[in-house]
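K.L.:
Counting in our numbering, the sequence shown runs from 33 upward without gaps.
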Amino acid sequence: MAENNEFIREVDEDYRRDQIAKIWKRYNALIITGAILLVAGVGGYNYWRHAERTRAEAASEQFDRANRLAKDGKAEEADRDFAAIRAEAPGGYALLARFRLAAEAAKRDAAAGAQAYDGLANDTGIGDSLRDLARLRAALLRLDGTDPNPALTSLQGLAAPTNAFRHSAREMLGLTALKRGDIEGAGRWFDQISADAETPQGLRQRVEVYEALVAGGPVTVTEAKPENAAPPPPITR
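1. Relative to the C-alpha of arginine 184, which residue among Lys103, Pro193, Gly213 and Leu172 is closest?
2. Taking 6 Å as the limit between beta carbons, can you name the residues of its chain near alanine 29, skipping five residues before and five after?
3. Within a Cβ cutoff of 7 Å, which residues of the same chain sit near alanine 110, ignoring the five residues on either side of it in sequence?
4. Can you say whether glutamate 203 is buried or exposed, counting buried as having 16 or more other CB atoms within 10 angstroms of its CB?
5. Whether or not the segment 152–167 and the segment 183–197 are in contact is what I'm after, with contact meaning three or more pairs of Cβ atoms, one per stretch, closer than 8 Å; do they touch?
6. Can you say whether arginine 169 is buried or exposed, counting buried as having 16 or more other CB atoms within 10 angstroms of its CB?
7. For alanine 91 versus tyrosine 125, is the C-beta spacing smaller than 8 Å?
8. I need the straight-line Cα distance from glutamine 188 to arginine 174, nearest angstrom please.
9. Based on Cα-Cα distance, which residue from Leu205, Asn181, Leu127 and Lys139 lies nearest to alanine 192?
10. Classify aspartate 141 as buried or exposed, calling it buried when 16 or more other Cβ atoms lie within 10 Å of its own Cβ.
11. Can you tell me the Cα-Cα spacing of alanine 227 and alanine 153, whole angstroms?
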């Protein structure tokens with residue numbers, strides 16, 4: 033019985049070898065081509081990864097240099113480097129450069145900076161959170177303009193309960209209302225901040241001060257007059 037099993041196994045192995053030989057003879061060109069394509073594909077992917085890593089490292093160095101130029105007050109050179117990064121760097125660094133260009137523009141001209149942030153806010157190719165950040169920056173730049181109402185409308189949209197930037201938006205809305213003498217409106221925004229369980233601790237501490245100002249009500253400033261003031265000198269002709 034053992035000899036029969038051994039014989040059957042040898043026949044089976046011979047049969048498999050014959051089948052493999054026939055397959056190789058018929059399809060060897062396709063097998064070789066497939067192997068070459070596989071090796072080429074792996075090599076191409078590795079080359080692409082290396083090229084992207086090299087580009088990212090170069091963009092990182094250029095971004096750091098542009099930041100140093102901006103910090104040193106060399107705005108024109110910094111803008112040139114940020115513009116080059118925006119045009120040539122991988123997506124992440126290009127987007128960072130766009131935000132930095134908007135920030136640098138805002139230092140020189142609030143309206144120009146707000147317009148640059150508008151471009152980011154309206155870009156559907158970037159994430160919603162970054163678009164909301166751009167909206168927030170644009171609104172803050174317009175708050176002190178001749179017509180702050182569009183900025184206030186934008187901030188009210190960002191103050192929605194699920195928005196990541198609701199805390200900053202609510203704080204600015206409350207402070208703006210307080211500045212305008214709208215004590216009731218300011219109190220509503222500050223109450224929303226206090227009631228939000230996710231309000232950052234630093235903002236929660238500031239709101240305690242704001243709420244104390246709201247509790248004090250409107251403050252009327254009058255001209256101070258010195259007590260026991262001497263009468264004005266007589267007019268002589």
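For glycine and all other residues, C-beta sits at the position ideal for the given N, C-alpha and C.
P.N.:
In this structure, then:
1. The sequence given here has leucine at residue 184, not arginine. Checking every option, the nearest Cα to that of leucine 184 belongs to Leu172.
2. Not covered by the structure: residue 29. The range shown for the chain is 33 to 269.
3. Ala98, Leu101, Ala102 and Glu136
4. buried
5. Counting Cβ pairs under 8 Å, three or more are found: they touch.
6. buried
7. yes
8. If I take the Cα positions, the gap works out to 14 Å.
9. That would be Leu205, whose Cα lies nearest to the Cα of alanine 192.
10. By the C-beta density criterion, aspartate 141 is exposed, having fewer than 16 other C-beta atoms within 10 angstroms.
11. 29 Å
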